[in-house]
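Quick mapping for you: the protein sequence lines, in order, are chains Z and U. Positions -19 to 95 (our numbering) are the ones given, in order, by the first sequence. Positions 143 to 257 (our numbering) are the ones given, in order, by the second sequence. For each residue, glycine too, the CB sits at the ideal point set by N, CA and C. In this text the structure is predicted, and so the values were computed from the model without any measurement.
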Amino acid sequence: AQSVAQPEDQVNVAEGNPLTVKCTYSVSGNPYLFWYVQYPNRGLQFLLKYITGDNLVKGSYGFEAEFNKSQTSFHLKKPSALVSDSALYFCAVRDPYSSASKIIFGSGTRLSIRP
Amino acid sequence: DGGITQSPKYLFRKEGQNVTLSCEQNLNHDAMYWYRQDPGQGLRLIYYSQIVNDFQKGDIAEGYSVSREKKESFPLTVTSAQKNPTAFYLCASSTILAGETGELFFGEGSRLTVL
Chain Z
-19 AQSVAQPEDQ
-9 VNVAEGNPLT
1 VKCTYSVSGN
11 PYLFWYVQYP
21 NRGLQFLLKY
31 ITGDNLVKGS
41 YGFEAEFNKS
51 QTSFHLKKPS
61 ALVSDSALYF
71 CAVRDPYSSA
81 SKIIFGSGTR
91 LSIRP
Chain U
143 DGGITQSPKY
153 LFRKEGQNVT
163 LSCEQNLNHD
173 AMYWYRQDPG
183 QGLRLIYYSQ
193 IVNDFQKGDI
203 AEGYSVSREK
213 KESFPLTVTS
223 AQKNPTAFYL
233 CASSTILAGE
243 TGELFFGEGS
253 RLTVL
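Structure representation (structure tokens):
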């Protein structure tokens, strides 16, 4: 069965430090992988995706994510955190041969950046 | 600007009342989705539709109904049969064209509170 896990409910980082939000997945074949961000009482905003090619993908707001096939991970990273990065982050995965309705979301990780 | 519009943003309902949440998109996407978000539980799929006049149940369809009379519109009715309707509801859309990655685009959400 397909699944995606975000092992940390909350990540706390000081402003200016690098941040990592972890995501691991279980999908057969070569999945499509996504990161979304949600600010309080707002919808989810698309950050970035991995489809194929370079394992390091760059997205919005200075975020990037590293795909690691051997570890089945897709961790979200940023070299220098901002207080405004504080939000709820969701990893999502989809089998490219299945419908977009079959996208699976992780449970979310709350990122808190302290000044 | 292209996007997804959900209304109302906040809605209060008395027990026993049906309410309808609106979702309109001008992205020319074929597929539309309704998700429910509860604290600490991530996103759960209620219904989805890939074509006008057709829709499919998601993981938690009981107590909800939808219609898809136009490509742009996918309203969700929360019926009195839904036992715990207080939640944040998110509408999304995506393309389903072959070769497209099909990432979801979300509206800003509707928060329903049952009094």
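Using the C-alpha atoms, what's the distance from residue j back to residue i?
{"i": "residue 218(U)", "j": "residue 179(U)", "result": "14 angstroms"}
{"i": "residue 59(Z)", "j": "residue 1(Z)", "result": "12 angstroms"}
{"i": "residue 10(Z)", "j": "residue 76(Z)", "result": "7 angstroms"}
{"i": "residue 148(U)", "j": "residue 230(U)", "result": "12 angstroms"}
{"i": "residue 181(U)", "j": "residue 49(Z)", "result": "31 angstroms"}
{"i": "residue 79(Z)", "j": "residue 238(U)", "result": "8 angstroms"}
{"i": "residue 228(U)", "j": "residue 251(U)", "result": "13 angstroms"}
{"i": "residue 236(U)", "j": "residue 248(U)", "result": "9 angstroms"}
{"i": "residue -3(Z)", "j": "residue 61(Z)", "result": "6 angstroms"}
{"i": "residue 184(U)", "j": "residue 215(U)", "result": "24 angstroms"}
{"i": "residue -14(Z)", "j": "residue 54(Z)", "result": "10 angstroms"}
{"i": "residue 159(U)", "j": "residue 198(U)", "result": "24 angstroms"}
{"i": "residue 29(Z)", "j": "residue 22(Z)", "result": "20 angstroms"}
{"i": "residue -9(Z)", "j": "residue 253(U)", "result": "26 angstroms"}
Residue i versus chain Z: which residues are under 9 angstroms apart at the beta carbon?
{"i": "residue 243(U)", "result": "12, 14, 29, 31, 74, 76, 80"}
{"i": "residue 144(U)", "result": "Ordered by position in chain Z, no residue passes the 9 angstroms Cβ test against residue 144(U), which lies about 13 angstroms from the chain."}
{"i": "residue 173(U)", "result": "79, 80, 81"}
DSSP beta-bridge partners for residue i?
{"i": "residue 21(Z)", "result": "Its beta-bridge partners do not exist; DSSP assigns none."}
{"i": "residue -15(Z)", "result": "4(Z)"}
{"i": "residue -8(Z)", "result": "92(Z)"}
{"i": "residue 255(U)", "result": "154(U)"}
{"i": "residue 32(Z)", "result": "Answer is none; residue 32(Z) lacks a bridge partner."}
{"i": "residue 13(Z)", "result": "30(Z), 73(Z)"}
Considering just the uninterrupted stretch of the beta strand (DSSP E) at residue i, what are its terminal residues?
{"i": "residue 51(Z)", "result": "Where residue 51(Z) is concerned, there is no enclosing beta strand (DSSP E), given that its DSSP letter is neither H nor E."}
{"i": "residue 153(U)", "result": "152 to 155"}
{"i": "residue 146(U)", "result": "146 to 149"}
Using a Cβ cut-off of 8 angstroms, pull out every chain Z residue sitting near residue i, in sequence order please.
{"i": "residue 247(U)", "result": "26"}
{"i": "residue 190(U)", "result": "81"}
{"i": "residue 236(U)", "result": "80"}
{"i": "residue 153(U)", "result": "Within 8 angstroms Cβ-Cβ: nothing; residue 153(U) doesn't reach chain Z, min ~13 angstroms."}
{"i": "residue 232(U)", "result": "23, 24"}
So residue i contacts chain U; which residues on that side make the cut at Cβ distance below 8 angstroms?
{"i": "residue 22(Z)", "result": "250, 251"}
For residue i, go through chain U and note every residue whose CB falls closer than 7 angstroms to its CB, in chain order.
{"i": "residue 85(Z)", "result": "184, 185"}
{"i": "residue 88(Z)", "result": "184"}
(request) Pick out the complete beta strand (DSSP E) segments inside the stretch 166 to 252 of chain U, 3 residues or longer, and give them in chain order. (result) 173 to 179, 185 to 193, 196 to 199, 206 to 208, 218 to 220, 229 to 236
(request) Taking only runs that begin and end inside the stretch 36 to 90 of chain Z, name each unbroken beta strand (DSSP E) of 3 or more residues, in chain order. (result) 36 to 38, 44 to 48, 53 to 58, 67 to 74
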